[in-house]
Amino acid sequence: MKCGTVLATLAAFWAATSAHCEPIDYTVSPVSDAQGPAIRIAVGFDGDQDGETRVDLPSRWAGSDALWRSLSDFRGRGGELVPPSTEDPEHLAVRHAPGARVTLTYRVDDGQAGAPDARDYEKARPVIEGEWFQLHGEGVFAMPSGRGDAPARFAWGAVPEGWTLASDLELAAMLTADDVAHGIFVGGTALRLHEADRGGHRLRLAAVGTWDFADEALLDWLEGLVASENAMLVQTPRDFLVTLVPLTGAERGAVSFGGTGRTSGFALSSTANVPAARFTRLLAHEYAHRWFGGAWPTHDDTAADYWFSEGFDDWFSARAMVRAGLWTPAQWRAAVNEVLFRYAASSARDLSDAELTDKFWTDPDAMQMQYDRGQVVAWLLDRDLRGRGSSLLALLRGLSGELRPDESAIAALSRLAGPGRVEAARVQAARAILPADLFAPCGRLARAERPVYDRGFTLDGEDRVATVRRDGPAWRAGVRPGMGYVRRTVINWGDARQPFAAVFSDGADERELRWLPAGERIIRYQALGDGADERAECAAMVRGDGLEPAP
Ligand SMILES: [Zn+2]
7 MKCGTVLATL AAFWAATSAH CEPIDYTVSP VSDAQGPAIR IAVGFDGDQD GETRVDLPSR
67 WAGSDALWRS LSDFRGRGGE LVPPSTEDPE HLAVRHAPGA RVTLTYRVDD GQAGAPDARD
127 YEKARPVIEG EWFQLHGEGV FAMPSGRGDA PARFAWGAVP EGWTLASDLE LAAMLTADDV
187 AHGIFVGGTA LRLHEADRGG HRLRLAAVGT WDFADEALLD WLEGLVASEN AMLVQTPRDF
247 LVTLVPLTGA ERGAVSFGGT GRTSGFALSS TANVPAARFT RLLAHEYAHR WFGGAWPTHD
307 DTAADYWFSE GFDDWFSARA MVRAGLWTPA QWRAAVNEVL FRYAASSARD LSDAELTDKF
367 WTDPDAMQMQ YDRGQVVAWL LDRDLRGRGS SLLALLRGLS GELRPDESAI AALSRLAGPG
427 RVEAARVQAA RAILPADLFA PCGRLARAER PVYDRGFTLD GEDRVATVRR DGPAWRAGVR
487 PGMGYVRRTV INWGDARQPF AAVFSDGADE RELRWLPAGE RIIRYQALGD GADERAECAA
547 MVRGDGLEPA P
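Quick note on my numbering: the sequence shown kicks off at 7 and runs consecutively.
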């Protein structure tokens, strides 16, 4: 019988809760020895009643496998350790007196040689450099089998002198073992930790590396976003940690950034050449998951529901960017037009919602389309609601209070919007012909044209030009098969209207070539015209003004 079962049984018979069962204790300690810097982890838990507890080691997550390879030097206290075997490297066992408290400790080493590189970075693997480390819980924590829901505690062990440590779990009052496994842990002499107190709740930034912006600026932007999103939905602040660590590769022209939602925060990794505006847009989206897919759960949390949890999040967080002053209304309009263009140009444009769900994890266009079509649904539903004297934001403000026990947010949304309204918006979004006054009072949708992005050449596996589109812009700029591709010098984010530039080598000769990466296919789409977004009514609609609670 497992410890959790004992508790449940006791609770069922006695009203008073029993403390027979202690939480699982996770302790993380940075260490340095002859083998170099490492992390020592201790996991304390009550053993199973049958005298043997099986323990799961990290296995696969986020596209990485054999994560147990970073773990070694297992030791048991309070029981006899049965170490992992070559046949079953993903588990170990501890034999002990029935129900005895056991502590398992082990060493965690860097999962990859050298500083993390954009080319082959795997976030699941621990990064342990001399001056800093980053651990995603999924990559390092052992857990007694089947106890993901069990209560757990997290603590740092001894802190080396001069080190700063940060985890999103530090402030959490109640955790489960799964929460610990979904935490982020960073530290080192190179770590800079900043904190802002907002109404008794802490917003923190833990950063490593050199960036184009000051840490304080990023924390300010984050504060503005969090305050805006909380205000738009009339919610109180909560603790949140953002971590930011560097990936190498910018010197080759590699550009990479990404992030992962954590139990009480968000973990970012990036090459140094990514503009701050990309981070703030991503952070706006990620904080909004506090509600979309968080406090407002979808039933299955599968790709079938992502039109809401991702698409409505995109809709909401784009507006928060304006409210926080990080986007002008004109920048919001440009972002709207990017979605409209991407929708029209997508190879997944004509896929049904069911097909998008099927292909979500295998077809990047289908994945993006689930976000974009969801955002179009939000636009259409908002127009419908505004036409009836309400708005989508007003409806969402009431959603937490209206959710019935065990009701999914999508069901509640459909109920509150009125019979058939959400379904009608979804059907219309899939057709992608939008009413011209969709964004009134921000102007009208009009026809627009833009070529697709096509850089016009392909590379072989060794950074040599393999093929060049004959007489295309790259060809006319001088790119030829066989040339070496040295590095990109301009990052244009896949926009055919912005120049592409890179250094190519031809024998000993190196030179920068530059052209507009316009493909042959011209996309006709609907776009929001210039000017009207400067009207005060437009900015007010985007920001969600006029919905303030009465003073
Ligand atoms: Zn998301």
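Glycine included, each C-beta is placed from N, C-alpha and C at the ideal position.
Residue i - partner residues in DSSP beta bridges
i	result
residue 134	139
residue 97	62
residue 1	Only positions 7 to 557 of the chain appear in the structure, and residue 1 is not among them; the question remains open.
residue 170	194
residue 78	113
residue 517	510
residue 390	Answer by DSSP bridge pairing: none, since residue 390 is not bridged.
residue 532	453
residue 264	275
residue 494	508
residue 231	Per DSSP, none; premise fails for residue 231.
residue 251	275
Heavy atom of ligand 1 within 6 Å of residue i beta-carbon
i	result
residue 316	yes
With 16 other Cβ atoms within 10 Å as the buried cut-off, status of residue i
i	result
residue 188	buried
residue 382	buried
residue 439	exposed
residue 117	buried
residue 449	buried
residue 514	exposed
residue 22	Low local confidence applies: a pLDDT of 32 at residue 22 is under 50, so the model's placement there is unreliable, with the coordinate-based value given in what follows. Classification for residue 22: exposed.
residue 102	buried
residue 323	buried
residue 473	exposed
residue 375	buried
residue 299	buried
residue 342	buried
residue 41	exposed
residue 39	exposed
residue 193	buried
residue 452	exposed
residue 327	buried
residue 18	With a pLDDT of 44 at residue 18, under the threshold of 50, the modelled position of this residue cannot be trusted, and the question is left open.
residue 368	exposed
residue 543	exposed
residue 286	buried
Contact set for residue i: own chain, Cβ-Cβ below 7 Å, skip 5 residues either direction
i	result
residue 174	189, 190, 247, 268, 269, 270 and 271
residue 228	209, 211, 248 and 289
residue 303	414 and 415
residue 331	230
residue 260	124, 125 and 277
residue 245	177, 207, 208 and 270
residue 541	447
residue 546	552
residue 243	204, 205, 207, 232 and 236
residue 25	Only weak support is given to the placement of residue 25: the predicted model assigns it a pLDDT of 35, under 50, and the question is left unresolved by the model.
Residues of its chain near residue i, where Cβ-Cβ distance is below 8 Å and the 5 sequence neighbours each way are ignored
i	result
residue 128	68, 69, 70, 117 and 118
residue 57	101, 102, 103 and 104
residue 72	65, 66 and 95
residue 74	63, 64, 65, 90, 95 and 96
residue 180	157
residue 486	471, 474 and 512
residue 393	none
Neighbourhood of residue i by C-beta distance below 6 Å, restricted to the same chain and skipping five residues each side
i	result
residue 141	132 and 191
residue 160	32, 175 and 186
residue 201	208 and 210
residue 431	383, 386 and 387
residue 283	none
residue 549	328 and 329
residue 352	371 and 375
residue 166	36
residue 463	471, 474, 480 and 485
TODO: Kindly confirm or deny that the segment 417-426 and the segment 497-508 touch, where touching means at least three C-beta pairs closer than 8 Å.
DONE: They do not touch, by the three-pair rule.
Open item on the list: For the segment 238-258 against the segment 209-225, do three or more pairs of beta-carbon atoms, one drawn from each stretch, fall closer than 8 Å, so that the two count as touching?
Closed with: With the cut-off at 8 Å, the segment 238-258 and the segment 209-225 touch.
- [ ] For the segment 341-357 and the segment 398-416, state whether three or more C-beta atom pairs, one from each stretch, are separated by less than 8 Å.
- [x] Touching, no, given that fewer than three Cβ pairs across the two stretches are closer than 8 Å.
TODO: Give a yes or no on contact between the segment 232-244 and the segment 274-284, applying the rule of three or more CB pairs nearer than 8 Å.
DONE: Three or more Cβ pairs closer than 8 Å define a contact, and the segment 232-244 falls short of that threshold against the segment 274-284.
- [ ] Would you be able to state if there are at least three C-beta pairs under 8 Å between the segment 360-367 and the segment 307-323?
- [x] yes
Open item on the list: Using 8 Å as the cut-off, can you tell me whether the segment 79-97 makes contact with the segment 48-63, which would need three or more C-beta pairs spanning the two stretches below that distance?
Closed with: yes
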